[in-house]
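Encoded as structure tokens, the structure appears first; notes follow it.
Protein chains in written order, with the working numbering: chain U, 1 to 410; chain R, 1001 to 1420.
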């Protein structure tokens, strides 16, 4: 059985920040109908045309990221600037449970489909909008990408070595995470409607979600009056809360090779000191956390020298055998091809894409005993399912679809 | 009404699932947090109020356990185990992050849980899943982000410097968000057919699929990306997008414009500030207004597109060299350019926009005898609002209340040391 079978999503999401939310819904059996603009081949979603590509071919059906985030969805095109396009959209909304989008604030409203209109079309509709700064507040018209959300919410600031510029995130963490909050919002709203019959609007702002992830830093500020911007902060890969030492990423044998080590408590340290078996590590002052915290610079210097002599995988194995939390820092090839723990989660499923062929994509990190998810069908090419959806959902037959195509509606 | 009103969730206190309980509790579920009698480990996590260690004054505890009730129960003892099972029988959902095998060792394996309780939804969060070749590894938030591929893509252009693990518990949060999505998905499935199930969430797997380009560039094109200062890791070195402004603070200048309209807006903004006179590449911005849309995939291939795009990046950097970070953010955004000031968390919290969005929430904090400002909701529901319904529980605060609801006398358990 599919957990979300029978739930229909009228989906305007794109990029990662929106598309990953409806990817989850589709994987668990919801019917997700992506609606795109035929006049520009869906170019609003920049990932349609963006690298990586499977081969030398280019075009809106060949973006690797787009495929990754849109597996299992249906795709239709609809010109929403035309009267007939609007009419068809109304019919789709009338048969949908939920409308999702991550346009800039006000875009859907300007197309004539603001929340008030959606409710007129379907009184119990659920509407989840996901935009950077949200649909209210002084910055509601400001624009964002993931890195901008991370910058203004404190997430970028919290990633960096002391006295250096921010390192930030090497990817759009808040596109991923914004999509997670969008999915949570959609699922909670669906659940509420199932129990009460009541639809609603969820105004989800990636910046709000991002700031909420910094709640602990905020409390330290509101309760202890301590600003995060102060000498020695951010603290690199050290652990301030909870305090642990040593705790960091250390160089190992080879070029740009590293190991992460976390001494979670005194027992971990004693085990590590035992493996190291050198004079500096047997200093009794290091037996207590306070002693190790006070001497972190020296400890880290020693550990850098010590780790450098060994291969990262060998080091991980040795330290794990002694009971210490340690892990080789892995790149994409190493973890995707080499970490066999991912197989139990079918983490890299192969999907069949109409233009790209068979491609591996990100799976989901979950396993349901009774209603498992399925990821097997690639993302839709531009307008791939227009005929099918218009026929099966609205009873519009092929001659009429052909006419609509002539008129530029689909 | 709350979205999750009437749902009972049993959460076994653990750093790997505290956020799961909080997200559900703040939406109205009755989350009963079960701690050992000596108190959960998280109560001893920094920071503390005034930096004085006290299990009732850990801000870590306060933040992650809002809106929950709390009981202290030694569920590894036979009496405590029986009481926990009875509590689980009264619940819709069990959320836990025990090490693989720990529940079965306490006679709370699948046979006793989802095997016997057909409506129960049991979500187990572990570093690598309950089985598989790495299930018994020793881990922390840091090691999960290291082995999961997050750390290697965060850091600086200079690869002599180590990769950086962003601080803030994100190695756990990545998996915890999936756990909440799983709970909600299983609840919807249960509305259809009244059946529960067991769900496993792997933190390592969650990190692996939270790396954007890093994973799918390998999957699609078998290429690896390299970390770069303050911007996306890439297969090739890209131009810097993070710049220091005249006040010493940093901004992220985002992705340059790609449409004629956006180049027009950028040019007007740039000229309005008088920067064009000192910026020789202004001519390329003008050329940008001649292209209806710039295809980003042609950067590095098409000379003109590359020059236009580079000039736009440099124009943003130039503006930074003449303005404070905040002024740059405000002025460029008002011109329609997606850029951001790099705030610390508390600076963001005090920004007028986040205040207007209700991100400052006053909560009466009994330990301090006054209101404390907490961070607000990650999403704004129209009909079923998020709220902090109570502060994090003190140790054993609701032991009597909760156990009496399921017909258990807390006092007799307490006498045998199985409750507090």
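In this text, a Cβ means the ideal position worked out from N, Cα and C, and glycines have one as well. All figures in this text were calculated on a predicted structure; none of them were measured in a lab.
Residue-level contact to chain R via CB, residue i, 8 Å cutoff
i              : result
residue 348(U) : yes
residue 143(U) : yes
residue 208(U) : yes
residue 290(U) : no
residue 138(U) : yes
residue 96(U)  : no
residue 123(U) : no
residue 359(U) : yes
residue 231(U) : no
residue 174(U) : no
residue 296(U) : no
Cβ of residue i within 8 Å of any chain U Cβ
i               : result
residue 1239(R) : no
residue 1308(R) : no
residue 1157(R) : no
residue 1299(R) : no
residue 1304(R) : no
residue 1263(R) : no
Interface residues of chain U facing residue i [CB-CB closer than 8 Å]
i               : result
residue 1231(R) : 147, 168, 170
residue 1023(R) : 184
residue 1313(R) : Correct list: empty, because the minimum Cβ distance to chain U is about 14 Å.
Which of helix, strand or coil DSSP assigns to residue i
i               : result
residue 307(U)  : helix
residue 100(U)  : strand
residue 1369(R) : coil
residue 1343(R) : coil
residue 1202(R) : strand
residue 203(U)  : strand
residue 1286(R) : helix
residue 1400(R) : helix
residue 1391(R) : coil
residue 161(U)  : coil
residue 1244(R) : strand
residue 250(U)  : strand
residue 180(U)  : helix
residue 1017(R) : coil
residue 359(U)  : strand
residue 300(U)  : helix
Cβ pair residue i, residue j closer than 8 Å
i               : j               : result
residue 1228(R) : residue 383(U)  : no
residue 1133(R) : residue 1124(R) : no
residue 361(U)  : residue 349(U)  : yes
residue 1318(R) : residue 1245(R) : no
residue 10(U)   : residue 128(U)  : no
residue 1021(R) : residue 1393(R) : no
residue 1014(R) : residue 1098(R) : yes
residue 1308(R) : residue 1284(R) : yes
residue 149(U)  : residue 351(U)  : no
residue 102(U)  : residue 39(U)   : no
residue 1238(R) : residue 1249(R) : no
residue 332(U)  : residue 316(U)  : no
residue 1243(R) : residue 1154(R) : no
residue 1126(R) : residue 260(U)  : no
residue 237(U)  : residue 1164(R) : yes
residue 15(U)   : residue 47(U)   : yes
residue 1362(R) : residue 1351(R) : no
heavy atom of the ligand ADP below 7 Å from residue i C-beta
i              : result
residue 365(U) : Ligands are entirely absent from the displayed structure, and the ligand ADP is therefore not among its contents.
Amino acids of chain R, ordered along the chain, whose beta-carbon sits closer than 8 Å to that of residue i
i              : result
residue 235(U) : 1167
residue 134(U) : 1357, 1380
Beta-carbon neighbours of residue i, restricted to chain U and to distances below 7 Å
i               : result
residue 1326(R) : Simply none; closest approach about 11 Å.
Contact list for residue i against chain U, beta-carbon separation under 9 Å
i               : result
residue 1228(R) : 170
Checklist entry - Name the residues in the stretch 183 to 198 of chain U whose C-beta lies less than 8 Å from a C-beta of chain R; which are they? => result 183, 184, 185, 187, 188, 189, 190, 191, 192, 194, 195, 196, 198
Item to check | Chain-ordered residues of the stretch 1025 to 1036 of chain R with a beta carbon less than 9 Å from chain U | outcome: 1027
Checklist entry - Looking at chain R, which residues of the stretch 245 to 257 of chain U have a Cβ within less than 9 Å of any of its Cβ atoms? => result 247, 248, 249, 250, 251, 255, 256
Item to check | Residues of the stretch 1101 to 1112 of chain R with Cβ closer than 9 Å to any Cβ of chain U, in chain order | outcome: 1110
Checklist entry - If contact means a Cβ-Cβ distance below 8 Å, which residues of the stretch 310 to 341 of chain U contact chain R? => result 320, 323, 324, 325, 326, 327, 328, 329, 330, 331, 332, 333, 335, 336, 339, 340, 341
Checklist entry - For the stretch 211 to 228 of chain U, which residues have a CB atom closer than 9 Å to at least one CB atom of chain R, in sequence order? => result 211, 212, 213, 214, 215, 216, 217, 218, 219, 220, 221, 222, 223, 224, 226, 227, 228
Next on the checklist: By the 9 Å beta-carbon criterion, what residues does the stretch 1334 to 1350 of chain R contribute toward chain U?
Outcome noted: 1334, 1336, 1337, 1338, 1339, 1340, 1341, 1342, 1343, 1344, 1345, 1346, 1347, 1348, 1349, 1350
Checklist entry - Along the stretch 148 to 161 of chain U, what residues have a CB closer than 9 Å to any CB found in chain R? => result 148, 149, 150, 151, 152, 153, 154, 155, 156, 157, 158, 159, 160, 161
Checklist entry - Closer than 7 Å, Cβ to any Cβ of chain R: which residues of the stretch 50 to 71 of chain U, in chain order? => result 50, 51, 52, 53, 54, 58, 64, 65, 68
Checklist entry - According to a CB-to-CB cut-off of less than 9 Å, which residues of the stretch 1067 to 1097 of chain R neighbour chain U? => result none
Checklist entry - Going along the chain, which residues of the stretch 3 to 16 of chain U sit with their C-beta nearer than 7 Å to a C-beta in chain R? => result 3, 4, 16
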